[in-house]
Amino acid sequence: MLLPEKKPLYELALKKMEELIKTGQWKEGSKLPSESQLAKQFGISRATLREAMRILEEEGLIVKQQGVGTFVRRKPLIKSGLEELFSVTALIERQGMVPGTKDFTVYKLPATENEAKHLRIKPGDIIYKVERIRTADNVPVVYCIDRLPENIVGESFTGFEQSIFAYLEAEHSIRITYAISHIRVIKHDPVVEKKLMMDKNDSILLLEQVHYDENNTPILFSSNYFNASKFDFYIVRKRTL
């Protein structure tokens, strides 16, 4: 008769920690006890504990912050592939959540050199700069800054409801067909953090895009600041050779 195989200690500790996270005893965003405390709690060496925590990190259940500690990773509210051009409204709705907007502000301003370059207009040409916070089930998730040339939307522009793509199609018969995007991680921005009510351990993902119509005319230059703890962006990569 074969005796049951004895599991390594790190596996036992791993299973226990997974259970603590999945049952909510270790809450999302909470800081874990120190290595010495956890090793004592589970009756294992710190080396054994580190092996279990390495696997937890690979599984995406915890995240280590250098010089700060180890935290239970927050589960994203929203998942999306980056290869697809989406409006924030549609993205939120696809998750079965209710999109909303708060702190909507419109400015009529001369374009800076950077804005003019992206929109292919002259510096000083008039643009509308729209700032707003997008919410999912009333939770702030994205801080949006959109820039539209006055010669596209006209002198009487006052704003739009939910989707800017839908607005452009309905009011100006402009269909956005593609965008050129740049993605950056922002370590710290007190303005964005305050607007999105972010925790101190959250990070910011900046998606800057120039949107074009079917005639390759730049219509919209946007900067979307995502609370990275609320989103899980991925991309499908295909082999070409």
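According to this note's numbering, the sequence shown is numbered sequentially starting from 402. Note that CB positions come from ideal geometry on N, CA and C, so glycine has one too.
(message) I need the straight-line Cα distance from phenylalanine 634 to lysine 503, nearest angstrom please.
(response) Here residue 634 refers to the residue found at position 233 when the sequence shown is read from its first residue. Here residue 503 refers to the residue found at position 102 when the sequence shown is read from its first residue. The straight-line gap from Cα to Cα measures roughly 24 Å.
(request) Report yes or no: do three or more beta-carbon pairs, one from the region 483 to 501 and one from the region 568 to 576, lie closer than 8 Å? (result) At 8 Å Cβ cutoff, the stretches do not touch.
(request) Count the other CB atoms, across all protein chains shown, that sit within 10 Å of the CB of phenylalanine 505; report buried if there are 16 or more and exposed otherwise. (result) Residue mapping note: residue 505 aligns to position 104 of the sequence shown, counting from 1. With fewer than 16 other Cβ atoms inside 10 Å of its own Cβ, phenylalanine 505 counts as exposed.
(message) DSSP has serine 623 in a bridge; who is on the other side?
(response) Along the sequence shown, one-based indexing puts residue 623 at 222. In the DSSP output, where bridge partners are listed per residue, serine 623 has Asp547 and Gln610.
(message) Quick check: what's the CA-CA separation for serine 446 versus alanine 440?
(response) Working through the sequence shown from its first residue, we reach residue 446 at position 45. Working through the sequence shown from its first residue, we reach residue 440 at position 39. Rounded to the nearest whole angstrom, the C-alpha separation of serine 446 and alanine 440 is 6 Å.
(message) Please state the DSSP three-state secondary structure of glutamine 424.
(response) In the sequence shown, counting from the first residue as 1, residue 424 sits at position 23. According to the sequence shown, residue 424 is threonine rather than glutamine. It is coil, neither helix nor strand.
(message) Considering just the uninterrupted stretch of the alpha helix (DSSP H) at serine 446, what are its terminal residues?
(response) To locate residue 446, count along the sequence shown from 1; it is residue 45. Element bounds for serine 446: n/a, residue is neither H nor E.
(message) Quick check on this structure: which residue in Arg638, Gly560 and Phe443 has the alpha carbon closest to the alpha carbon of glutamate 572?
(response) For the purposes of this step, residue 572 is taken as the residue at position 171 of the sequence shown. Minimum Cα distance to glutamate 572 is reached at Gly560.
(request) May I ask you to report which of helix, strand or coil DSSP gives histidine 589? (result) Walking along the sequence shown from the start, residue 589 turns up at place 188. The answer is coil: DSSP assigns histidine 589 none of H, G, I, E or B.
(request) Give the DSSP bridge partners of isoleucine 636, in chain order. (result) Stepping through the sequence shown from its first residue, residue 636 is reached at position 235. Answer by DSSP bridge pairing: none, since isoleucine 636 is not bridged.
(message) By DSSP's criteria, threonine 536 is part of a beta bridge. Which residues make up the other side?
(response) Counting from one through the sequence shown, the residue named residue 536 turns up at place 135. DSSP lists Gly501 and Pro541 as partners of threonine 536.
(request) Return the CA-CA distance between isoleucine 575 and glycine 501, expressed in angstroms with no decimal places. (result) Here residue 575 refers to the residue found at position 174 of the sequence shown. Here residue 501 refers to the residue found at position 100 of the sequence shown. Cα atoms of isoleucine 575 and glycine 501: separation of roughly 23 Å, rounded to the nearest angstrom.
(request) Name the one or two DSSP bridge partners that asparagine 628 has. (result) Within the sequence shown, the letter at position 227 stands for residue 628. Its beta-bridge partners are Ile605.
(message) Quick check for students: name the residue ranges of the alpha helix (DSSP H) that lie wholly in the region 452 to 495, counting only runs of 4 or more.
(response) Fully enclosed alpha helix (DSSP H) runs of 4 or longer: 489 to 495.
(message) Per the DSSP calculation, isoleucine 581 is bridged to which residue(s)?
(response) The sequence position of residue 581 within the sequence shown is 180, counting from 1. Looking at the DSSP assignment, isoleucine 581 forms a beta bridge with Val611.
(message) Could you compute how far the alpha carbon of leucine 607 sits from the alpha carbon of proline 550?
(response) If you number the sequence shown from 1, residue 607 lands on position 206. If you number the sequence shown from 1, residue 550 lands on position 149. Computed Cα separation, rounded: 22 Å.
(request) Within 10 angstroms of the Cβ of isoleucine 584, are there 16 or more other Cβ atoms? Answer buried if so, exposed if not. (result) By one-based count along the sequence shown, residue 584 stands at place 183. So isoleucine 584 counts as exposed.
(request) Using the Cα positions of aspartate 600 and alanine 629, report the straight-line distance between them to the nearest angstrom. (result) Numbered from 1 along the sequence shown, position 199 holds the residue referred to as residue 600. Numbered from 1 along the sequence shown, position 228 holds the residue referred to as residue 629. Aspartate 600 and alanine 629: Cα-Cα distance of roughly 11 Å.
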